[in-house]
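*Asks:* So that we are looking at the same thing, I have put the structure below in structure tokens.
In our numbering, the protein residues as written are 881 to 1504.
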């Protein structure tokens, strides 16, 4: 166990294994061999953070570097925090029990907007000044990356600089820059180091930019105040996924975590073009790993961890060009060891019952599909590109093969949605149930309908669209609930109030930093957990700072409005996104550029990177 928590404290909190450290596979480097130290900080509990693949990758990549020591820290649950504050114990790392303030870097991942108060709480517990302007040469640099970094502005006051895009290469460059500065005796202090790192492609230093606002509160422009800072910061991408190291000996936790299995990343990016999907836009282009490499990695992961399940992960795993032969080979290789292969939720239009049967030969479970919308009209609006016939064919084939449980994912609050579209979700679920009767002659198919509330995100075609009000979301939830009072159909939906605050911070500007700080001061933390989220506290904090949640979440944006995040670029052009928004209004589809013509999003030429598919023949096909 770490030096931080004595047994009398650990015995009084839930899940003490969260805090003990010393897990199998963790890496501890001697102080005399360490030139630069970084603690990777996940702003949620251990079970969630340990399930995040990006953490595992960076931990592996950084610790491979000579002179670099990467450690981990997670947000302590409320019971542990109370004990820490009661006993004046600071927040420390899992590996060595070192206080956060004693690291050179504290690196947060931004997975979810409602984790931002946890970032402030962890800095406070780690004895680090919350505001970047208050930090001295004795404090670490607070950095952040992850999917939410494409609108970093609400955190601009608290983070020294952001990593835009994929971190494997840029983080190594950052560590090397620090070691060089260190070898020179740290000349010029913090400001000089920031002047050095801003020259690295993909690094955004918010203090180097000024934001001007129009009288109506909209952003007028964002301009650099430092000649070294670029006008636009473009994301970094790994051009070839086969050239970077992947962790084959990850940390194995003592206790159960959310995704307690091997996670093997088969490719990055997605070109399906779903108009609501932030990840599908900002992670472009598609870059696949070779099947031979994936098989090698799988073998090493099983040998090094002892797990009996491998999850093949990506944004759309069923789109991996060599999926069928890869799964066949993995199952053949690992079946005697009782190692199963699992896939995330399956696309209706790429479902193969033979593949599903092969995948579940070792361990059988229910099937999960994501139609996203109940009516064909709405599926065209969001560019989902699947039909009810696709779904019926998929579930029919599954029912014929012995499945009787199906989970369906939907969203409500989508642009242009009507009550008829909402009720179509219920009709689709009932149709799935009836399909089981048609196929088997029996009733009893169990269908779970899981519904989330739509939140418009930056760099999607719907970034111009206002979010439904909380009253409208709740009305739609109840409308659907009434329509789904059917035996063997389970209806699950998420609390609408959290999605409202998520929407505020997803599309907000840096003025929200004051509201974030005030909400934290008033007790906000673990806002992604319904039992700790207080909608009234957030409304009061936003209002007391002279801001309006409706301005950020619920209003439609004008075509030429300057967004707070436009100086941060994932290379998807604004013209392309606007055109996709207009096509959504016309209910027009855009085909997948991997299987048709270029859609003109701009990513490939702007970043000088190609879409790479690995075909079954074993050779690559690169598309411009």
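Note that the Cβ used here is the ideal one computed from N, Cα and C, for glycine as well.
Rounded to whole angstroms, what is the Cα-Cα separation between residue 1442 and residue 1323?
*Replies:* By 1-based counting over the chain shown, the position of residue 1442 is 562. By 1-based counting over the chain shown, the position of residue 1323 is 443. Their Cα atoms are separated by approximately 55 Å.
*Asks:* Which term fits residue 1397, buried or exposed, when burial requires 16 or more other beta carbons within 10 angstroms of its beta carbon?
*Replies:* Residue 1397 sits at position 517 when you count from the first residue of the chain shown. Buried: at least 16 other Cβ atoms inside 10 Å.
*Asks:* Please report the distance separating the alpha-carbon of residue 1146 from that of residue 1160.
*Replies:* Here the question's residue 1146 lines up with position 266 in the chain shown. Here the question's residue 1160 lines up with position 280 in the chain shown. Looking at the two C-alpha atoms, the distance is approximately 16 Å.
*Asks:* For the candidate residues 1248, 1154, 1207 and 1148, whose alpha-carbon lies nearest to that of residue 1172?
*Replies:* Numbered from 1 along the chain shown, position 292 holds the residue referred to as residue 1172. Nearest option by C-alpha distance: 1207.
*Asks:* Using the C-alpha atoms, what's the distance from residue 1269 back to residue 1051?
*Replies:* Taking the chain shown and counting its residues from 1, the one referred to as residue 1051 is at position 171. Taking the chain shown and counting its residues from 1, the one referred to as residue 1269 is at position 389. For residue 1051 and residue 1269, the distance between alpha carbons rounds to 46 Å.
*Asks:* Considering only the alpha carbon of each residue, which of 1317, 1034, 969 and 1346 lies closest to residue 1393?
*Replies:* Here residue 1393 refers to the residue found at position 513 of the chain shown. Out of 1317, 1034, 969 and 1346, 1034 has the C-alpha closest to the C-alpha of residue 1393.
*Asks:* Buried or exposed: residue 1138, going by 16 or more other Cβ atoms within 10 Å of its Cβ?
*Replies:* To locate residue 1138, count along the chain shown from 1; it is residue 258. So residue 1138 ends up on the exposed side.
*Asks:* Give the secondary structure of residue 897 by DSSP, where H, G and I count as helix, E and B as strand, and everything else as coil.
*Replies:* The residue given as residue 897 occupies position 17 in the chain shown. In the structure shown, residue 897 sits in a helix (DSSP, three-state: H, G or I).
*Asks:* Taking DSSP's pairing of strands, which residues face residue 1116 in a bridge?
*Replies:* Locating residue 1116 in the chain shown gives position 236, counting from the first residue. According to DSSP, which records beta bridges pairwise, residue 1116 is partnered with 1045.
*Asks:* Got a sec: does the ligand HEM put a non-hydrogen atom nearer than 7 Å to the Cβ of residue 1270?
*Replies:* The model on display carries no ligand, and the ligand HEM is accordingly not part of it.
*Asks:* Could you say if the stretch 1347-1367 and the stretch 1403-1410 meet the contact criterion of at least three C-beta pairs nearer than 8 Å?
*Replies:* Because the criterion of three Cβ pairs below 8 Å is not met, the stretch 1347-1367 and the stretch 1403-1410 do not touch.
*Asks:* Extract the residue ranges of the alpha helix (DSSP H) inside the stretch 927-955, only unbroken runs of 4 or more that lie entirely within it.
*Replies:* Here the runs fully enclosed are 933-944.
*Asks:* Do you know offhand how far residue 1337's Cα is from residue 1060's?
*Replies:* Translated into the one-based positions of the chain shown, residue 1337 becomes position 457. Translated into the one-based positions of the chain shown, residue 1060 becomes position 180. Roughly 38 Å between the two C-alpha positions.
*Asks:* With a threshold of 16 other CB atoms inside 10 Å of the CB of residue 1263, please say whether the residue is buried or exposed.
*Replies:* For this step, residue 1263 is matched to residue 383 along the chain shown. Residue 1263 should be labelled buried.
*Asks:* Between the Cα of residue 1230 and those of 1275, 1047 and 1320, spot the shortest distance and give me the residue it belongs to.
*Replies:* In the chain shown, the residue the question calls residue 1230 occupies position 350. With distances taken between Cα atoms, residue 1230 lies closest to 1275.
*Asks:* Is the beta carbon of residue 1469 sitting closer than 8 Å to the one on residue 1265?
*Replies:* To locate residue 1469, count along the chain shown from 1; it is residue 589. To locate residue 1265, count along the chain shown from 1; it is residue 385. Closer than 8 Å, so yes.
*Asks:* Buried or exposed: where does residue 1176 fall if 16 or more other Cβ atoms within 10 Å of its Cβ makes it buried?
*Replies:* For the purposes of this step, residue 1176 is identified with residue 296 of the chain shown, where counting begins at 1. When all chains shown are included, residue 1176 counts as exposed.
*Asks:* Nearest-angstrom Cα distance between residue 1454 and residue 1339?
*Replies:* Here residue 1454 refers to the residue found at position 574 when the chain shown is read from its first residue. Here residue 1339 refers to the residue found at position 459 when the chain shown is read from its first residue. Going by the C-alpha atoms only, they are around 8 Å apart.
*Asks:* Quick one: is residue 1071 buried, meaning 16 or more other Cβ sit within 10 Å of its Cβ, or exposed?
*Replies:* On the chain shown, residue 1071 is found 191 positions in, with the first residue counted as 1. Flag for residue 1071 reads exposed.
*Asks:* DSSP has residue 1089 in a bridge; who is on the other side?
*Replies:* Within the chain shown, numbered from 1, the residue matching residue 1089 stands at position 209. BP columns for residue 1089 point to 1104.
*Asks:* Roughly how many whole angstroms lie between the Cα atoms of residue 1327 and residue 1348?
*Replies:* The residue given as residue 1327 occupies position 447 in the chain shown. The residue given as residue 1348 occupies position 468 in the chain shown. One C-alpha to the other measures close to 27 Å.
*Asks:* Could you tell me if residue 1017 is buried or exposed, where buried requires 16 or more neighbouring beta carbons within 10 angstroms of its beta carbon?
*Replies:* One-based indexing of the chain shown puts residue 1017 at position 137. Answer is exposed; the Cβ neighbour count stays below 16.
*Asks:* Under 8 Å between the Cβ atoms of residue 1556 and residue 1102?
*Replies:* Here the chain has residues from 881 to 1504 only, and residue 1556 is not among them.
*Asks:* Does the beta-carbon of residue 1502 have 16 or more other beta-carbons within 10 angstroms, so that it is buried, or is it exposed?
*Replies:* Mapped onto the chain shown, residue 1502 falls at position 622. With a pLDDT of only 49 at residue 1502, under the threshold of 50, the placement of this residue in the model should not be trusted; the figure read from the coordinates follows. Result: exposed.
*Asks:* Tell me, to the nearest whole angstrom, how far the beta carbon of residue 1449 is from that of residue 1114; I am working on the premise that it is less than 8 Å.
*Replies:* Residue mapping note: residue 1449 aligns to position 569 of the chain shown, counting from 1. Residue mapping note: residue 1114 aligns to position 234 of the chain shown, counting from 1. The Cβ separation is near 5 Å, so the contact holds.
*Asks:* Leaving out five residues before and five after residue 1013 in sequence, what residues of the same chain have Cβ atoms less than 8 Å from its Cβ?
*Replies:* In the chain shown, counting from the first residue as 1, residue 1013 sits at position 133. Here the set comprises 1037 and 1087.
*Asks:* With contact counted as at least three CB pairs below 8 Å, one residue from each stretch, are the stretch 1275-1289 and the stretch 1307-1325 in contact?
*Replies:* At 8 Å Cβ cutoff, the stretches touch.
*Asks:* Jot down the residue ranges of each uninterrupted alpha helix (DSSP H) in the stretch 1167-1239, minimum 4 residues, whole runs only, in chain order.
*Replies:* Complete alpha helix (DSSP H) runs here, min 4: 1171-1185, 1203-1214 and 1233-1239.
*Asks:* Determine, using beta carbons only, whether residue 1384 and residue 1432 come nearer to each other than 8 Å.
*Replies:* Position 504 of the chain shown, counted from the first residue, corresponds to residue 1384. Position 552 of the chain shown, counted from the first residue, corresponds to residue 1432. Yes. Within cutoff.
*Asks:* Grab me the residues of residue 932's own chain with a C-beta within less than 6 Å of its C-beta, minus the 5 sequence neighbours each way, in chain order.
*Replies:* Residue mapping note: residue 932 aligns to position 52 of the chain shown, counting from 1. So no residue of the chain qualifies.
*Asks:* Short of 6 Å in beta carbon distance, which residues of its chain neighbour residue 1357, apart from the five on each side in sequence? Order them along the chain.
*Replies:* Residue 1357 sits at position 477 when you count from the first residue of the chain shown. Same-chain partners within the cutoff: 1373.
*Asks:* Closest to residue 1156 by CA distance: which of 1447, 1401 and 1342 is it?
*Replies:* Within the chain shown, numbered from 1, the residue matching residue 1156 stands at position 276. Residue 1342 is the option with its Cα nearest to residue 1156.
*Asks:* Restricting to runs no shorter than 4 residues, where is the alpha helix (DSSP H) found entirely within the stretch 1037-1083?
*Replies:* Those alpha helix (DSSP H) runs which fall completely within the stretch 1037-1083 and span 4+ residues are 1047-1063 and 1069-1077.
*Asks:* Identify the residues that DSSP records as bridge partners of residue 1021: which are they?
*Replies:* For the purposes of this step, residue 1021 is identified with residue 141 of the chain shown, where counting begins at 1. In DSSP, residue 1021 forms a bridge with 985.
*Asks:* Helix, strand or coil for residue 957? Go by DSSP, reduced to three states.
*Replies:* Taking the first residue of the chain shown as 1, we reach residue 957 at position 77. It is coil, neither helix nor strand.
*Asks:* Count the other C-beta atoms from every protein chain shown that fall within 10 angstroms of the C-beta of residue 968, then say buried if there are 16 or more, exposed otherwise.
*Replies:* For the purposes of this step, residue 968 is taken as the residue at position 88 of the chain shown. Result: exposed.
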